[in-house]
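Q:
There are 2 protein chains.
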Amino acid sequence: MDLPLGYRYAAAYAGIRQAEKDDLGLIVSGLPAAAAAVFTQNRVQAAPVKLCRRHLAASRGAVGAIVVNAGNANCATRTGNAAALACCRSAARLLRLPVAQVLPASTGVIGVELDSKLIVNALPRLVAGLREDAFGSVARAIMTTDLVPKEAFAEVKLRRGTVRIAGMTKGSGMIQPRMATTLGFILTDAQIPAAMLRRMLRRAVESSYNRLSVDGDTSTNDTLLLLANGASGVRPDAKEMAAVEERITAVAEDLARSIARDGEGARKLITILISGASTDDAAARLARSIANSPLVKTAVAGSDPNWGRILSAAGNAGVAFDPRKADIDMQGVPVCRGGLAARFSEAELKRKLDAAECEIRFTLRGKGKGQARFWTCDFTEGYIRINASYRT
Amino acid sequence: MDLPLGYRYAAAYAGIRQAEKDDLGLIVSGLPAAAAAVFTQNRVQAAPVKLCRRHLAASRGAVGAIVVNAGNANCATRTGNAAALACCRSAARLLRLPVAQVLPASTGVIGVELDSKLIVNALPRLVAGLREDAFGSVARAIMTTDLVPKEAFAEVKLRRGTVRIAGMTKGSGMIQPRMATTLGFILTDAQIPAAMLRRMLRRAVESSYNRLSVDGDTSTNDTLLLLANGASGVRPDAKEMAAVEERITAVAEDLARSIARDGEGARKLITILISGASTDDAAARLARSIANSPLVKTAVAGSDPNWGRILSAAGNAGVAFDPRKADIDMQGVPVCRGGLAARFSEAELKRKLDAAECEIRFTLRGKGKGQARFWTCDFTEGYIRINASYRT
Chain X
1 MDLPLGYRYA AAYAGIRQAE KDDLGLIVSG LPAAAAAVFT QNRVQAAPVK
51 LCRRHLAASR GAVGAIVVNA GNANCATRTG NAAALACCRS AARLLRLPVA
101 QVLPASTGVI GVELDSKLIV NALPRLVAGL REDAFGSVAR AIMTTDLVPK
151 EAFAEVKLRR GTVRIAGMTK GSGMIQPRMA TTLGFILTDA QIPAAMLRRM
201 LRRAVESSYN RLSVDGDTST NDTLLLLANG ASGVRPDAKE MAAVEERITA
251 VAEDLARSIA RDGEGARKLI TILISGASTD DAAARLARSI ANSPLVKTAV
301 AGSDPNWGRI LSAAGNAGVA FDPRKADIDM QGVPVCRGGL AARFSEAELK
351 RKLDAAECEI RFTLRGKGKG QARFWTCDFT EGYIRINASY RT
Chain H
1001 MDLPLGYRYA AAYAGIRQAE KDDLGLIVSG LPAAAAAVFT QNRVQAAPVK
1051 LCRRHLAASR GAVGAIVVNA GNANCATRTG NAAALACCRS AARLLRLPVA
1101 QVLPASTGVI GVELDSKLIV NALPRLVAGL REDAFGSVAR AIMTTDLVPK
1151 EAFAEVKLRR GTVRIAGMTK GSGMIQPRMA TTLGFILTDA QIPAAMLRRM
1201 LRRAVESSYN RLSVDGDTST NDTLLLLANG ASGVRPDAKE MAAVEERITA
1251 VAEDLARSIA RDGEGARKLI TILISGASTD DAAARLARSI ANSPLVKTAV
1301 AGSDPNWGRI LSAAGNAGVA FDPRKADIDM QGVPVCRGGL AARFSEAELK
1351 RKLDAAECEI RFTLRGKGKG QARFWTCDFT EGYIRINASY RT
């Protein structure tokens, strides 16, 4: 699938993290792109998150470039605002853009000063090396504990031509998106007015990043940006806009799922499907409570069909329901009917739970129409190993 | 310290759990004791929890005996109510008590039918073996993944004589008390009216069981009972009542702390101290969010003074605060001042964090008077090992 037109990319090792892997990325749009953004709901917000908001307000949502680094979150830092601004200024000067059209994003350790000189010194090299086909190099540069780069692509054929969508994201721990998570950049060459773009992103996030948890921790740096630069020359009409939104949402869902699959220490992607709740919101709360239960996640790690923990976790969601109307299926096998044990072969189900993808279906019998899909991962010794010595 | 007067105890192996360790306990009060109780807030509640409520209502809070088993939660079971009732009936007949004066409690796996015959057959042996000094045998019989039995004792010298308090509890995983947790029985020989006893328990729980989390999961069987049988012949006067309540609260706090210390896989007890929040409730929410962060708990496991995770977890508590006013100390060492890194020797603090008890102090500068103390434990590979194969 082709990349969206009119974007160029570059990545390099600026020396921010110790391991000599690219830690700085640059995304540039030839035309000023309309942009929509969602940010972390954590009370503690990193300097680049705050500057991103200010720049989007000042530029009225027009974006020319994104400067993103891994290895340092630039959060809870004395020089945070100045450092983020220095990076944007440097990129703006090199790219001949108003500074407000450059957005910063950072990910990595919290509470360590970010040396902006490392970024300012590396930027000329990145600008000189900008290429239309280097999307993947930026996706790799933003990785922290991620084992794999995370990309998703789509295109939509419209009456007046084709528009393309490409997304990248990072994240593996400190993941419980609430309105946004981690870092994610979705680019399209469709021509979409900013107000519509914001609505699209808000809805796409609801079914993707906001339905994802690795460890229940929401980071201080979560930033998801959606850019539309119109380089395809195609402005979808009202009807076509729905098709574009559908593909943007699919890309966001692909990216969110890829984060859960690559959760720190994870061996299994868990998809949780809720139906029969009173509202979609109640369904999402049930799903989140199951997804965040360490007891459910360790049971899946051990391929143990311990459905009592799923029922108990649902009972802790703060959602009213009658346990006698609860059905649970694991890997398509009924394990609980009406709140009681169903007959199933434990040995056979244990084998099915050894798969790389596990599905938990929690259904409330009755008239409720509320449903939710949610992604998480199993909980293994690997998570502990990674996080007991993240900084050392 | 002496045990409260007028109580007798017995324990035996009834065959409920596979390992041949005592799994059935009986506590009998010679005089009908006034009783107060708090139960799990999980929407899914085990049969013994429901029957306990009914019996307390029917007997107007008068209790003659507690029948408690480990190895099976009797939750999400077809025959749950009948099984719990059969056990109470059998004990009532043997002890010549009204059935409503017998309270049931269960802990163990969810969703497996409890064979009440095992208990009914074992009860005559327990009744025949009742002894005033066998308190510890019941504390051992209620253990599941607990490594140590959990007991706490106190006595208060009053004008007219001495009253004694003894408490036992169990619990190691599926621990996040909200109004109650796990199983806990606190007995006193003081003479205390039931209404006052309920107020005492409610307040004692607030600063003990409700300030404790091992893994953020609230069980379906949590039951905490406070019994006062008056066997000391001493009825504290209004002023003395405060001293009795203080000791009961101290026993409840001792028991709660002992659960955190013995959390599944835990090597360290973590005490979290919050001050300067707008209200005590806000302080408790900040404490709970820090206590439930797997990233904070794994950092402590690895003796990593990663205070950024503490700040980020506080930011996720749903409590408004200004990060620039946040101070954090670990083991008495300032690691964060005004939301920024403090100067400290990382090597020295790492050594201090190797201790069996770790203290995290989170202070908001300003006029807020809200404070909270909260207990949790570190998060190690041991938790995963225990819970990936709990049933197998």
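Protein chains in written order, with this note's numbering: chain X, 1 to 392; chain H, 1001 to 1392. Ideal placement from N, C-alpha and C gives every residue a C-beta, glycine not left out. Being a predicted model, the structure only gives us computed values, none of them experimental.
Give the residues of chain H in contact with residue 109 (chain X), contact being defined as C-beta atoms less than 9 Å apart.
A: What residue 109 (chain X) touches in chain H: 1306, 1308.
Q: Run through chain X and tell me which residues come within less than 7 Å of residue 1220 (chain H), C-beta to C-beta.
A: Ordered by position in chain X, the residues that pass the 7 Å Cβ test against residue 1220 (chain H) are 312, 315.
Q: Show which residues of chain X have a CB atom less than 8 Å away from the CB atom of residue 1381 (chain H).
A: Correct list: 381, 384, 385.
Q: Scan the segment 1334-1346 of chain H for residues whose Cβ lies nearer than 8 Å to a Cβ of chain X and list them as they occur along the chain.
A: Within the segment 1334-1346 of chain H, the qualifying residues are 1336, 1339, 1340, 1341.
Q: Does any CB atom of chain X fall closer than 7 Å to the CB of residue 1071 (chain H)?
A: By this cut-off, residue 1071 (chain H) is not an interface position.
Q: Closest Cβ-Cβ distance between residue 1171 (chain H) and chain X: below 7 Å?
A: No, because no Cβ of chain X sits closer than 7 Å to the Cβ of residue 1171 (chain H).
Q: Looking at residue 1272 (chain H): is its Cβ nearer than 7 Å to the Cβ of residue 1291 (chain H)?
A: Their beta carbons are under 7 Å apart, which means residue 1272 (chain H) touches residue 1291 (chain H) by this criterion.
Q: Any C-beta of chain X sitting closer than 7 Å to the C-beta of residue 1188 (chain H)?
A: It does not: the Cβ of residue 1188 (chain H) has no partner Cβ on chain X nearer than 7 Å.
Q: Measuring CB to CB, does residue 231 (chain X) end up less than 7 Å from residue 6 (chain X)?
A: Yes, they are a contact pair.
Q: For the beta strand (DSSP E) that contains residue 1075 (chain H), what are its first and last residues?
A: No beta strand (DSSP E) holds residue 1075 (chain H); DSSP gives it neither H nor E.
Q: Count the other CB atoms within 10 Å of the CB of residue 1193 (chain H); is the residue buried (16 or more) or exposed (fewer)?
A: Classification for residue 1193 (chain H): exposed.
Q: Alpha carbon to alpha carbon, how far is residue 1179 (chain H) from residue 1097 (chain H)?
A: Below a pLDDT of 50, predicted positions are generally treated as unreliable, and residue 1179 (chain H), at 39, falls in that range; the measurement from the model is reported next regardless. The straight-line gap from Cα to Cα measures roughly 29 Å.
Q: Say whether chain H places a C-beta atom closer than 7 Å to the C-beta of residue 184 (chain X).
A: For residue 184 (chain X), the answer is no, since every Cβ of chain H falls outside 7 Å of its Cβ.
Q: What is the residue span of the alpha helix (DSSP H) that residue 346 (chain X) lies within?
A: Its alpha helix (DSSP H) spans residues 346-352.
Q: Quick one: is residue 1008 (chain H) buried, meaning 16 or more other Cβ sit within 10 Å of its Cβ, or exposed?
A: Burial call: buried.
Q: Quick check: the segment 1200-1218 of chain H against the segment 1120-1135 of chain H, are at least 3 beta-carbon pairs closer than 8 Å?
A: No contact exists between the segment 1120-1135 of chain H and the segment 1200-1218 of chain H.
Q: If you reduce the DSSP assignment to three classes, tell me which class residue 100 (chain X) lands in.
A: Of the three classes helix, strand and coil, the one that applies to residue 100 (chain X) here is helix, per DSSP.
Q: If we require 4 or more residues per run, which alpha helix (DSSP H) segments fall completely within the segment 1234-1286 of chain H?
A: DSSP runs (the alpha helix (DSSP H)) wholly in the segment 1234-1286 of chain H: 1238-1261.
Q: List the DSSP bridge partners of residue 333 (chain X).
A: Its beta-bridge partners are X:330.
Q: Out of curiosity, what's the CA-to-CA distance linking residue 1324 (chain H) and residue 1224 (chain H)?
A: The alpha-carbon atoms of residue 1324 (chain H) and residue 1224 (chain H) are separated by roughly 40 Å.
Q: Can you look up residue 376 (chain X) in the DSSP assignment and give me helix, strand or coil?
A: The answer is strand: DSSP assigns residue 376 (chain X) an E or B state.
Q: Can you find the residues in the same chain that come closer than 6 Å, C-beta to C-beta, to residue 152 (chain X), ignoring five residues on each side of it along the sequence?
A: Only 167, 251, 254, 255 meet the Cβ criterion.
Q: Closer than 9 Å, Cβ to Cβ, to anything on chain X: give me those residues from the segment 1023-1051 of chain H, in chain order.
A: Listed by position, the residues of the segment 1023-1051 of chain H near chain X (Cβ gap below 9 Å) are 1040, 1041, 1042, 1043, 1044, 1045.
Q: Just reading off the beta strand (DSSP E) that residue 163 (chain X) is part of, what are its end residues?
A: Note, residue 163 (chain X): beta strand (DSSP E), 161-170.
Q: Please report the distance separating the alpha-carbon of residue 1372 (chain H) from that of residue 350 (chain X).
A: Each residue's Cα considered, the two are about 43 Å apart.
Q: Counting Cβ pairs closer than 8 Å, one from the segment 376-388 of chain X and one from the segment 1370-1384 of chain H, do we hit at least three?
A: At 8 Å Cβ cutoff, the stretches touch.
Q: Let's test the definition: count the other Cβ atoms within 10 Å of the Cβ of residue 200 (chain X) and tell me whether it reaches 16, buried, or not, exposed.
A: Its Cβ being crowded by 16 or more others within 10 Å, residue 200 (chain X) is buried.
Q: 7 Å is my cut-off, CB to CB: does residue 1076 (chain H) come that close to chain X?
A: Yes - at least one Cβ of chain X is within 7 Å of the one on residue 1076 (chain H).
Q: My understanding is that residue 1074 (chain H) touches residue 1114 (chain H), with C-beta atoms under 8 Å, so please give their C-beta distance in whole angstroms.
A: Yes, they are in contact, since the Cβ atoms of residue 1074 (chain H) and residue 1114 (chain H) sit about 4 Å apart, within 8 Å.
Q: When the Cα of residue 146 (chain X) is compared with those of X:239, X:172, X:287, X:241, which residue comes out closest?
A: Cα-wise, what sits closest to residue 146 (chain X) is X:172.
Q: Which of the three DSSP states, helix, strand or coil, is assigned to residue 50 (chain X)?
A: Three-state result, residue 50 (chain X): helix.
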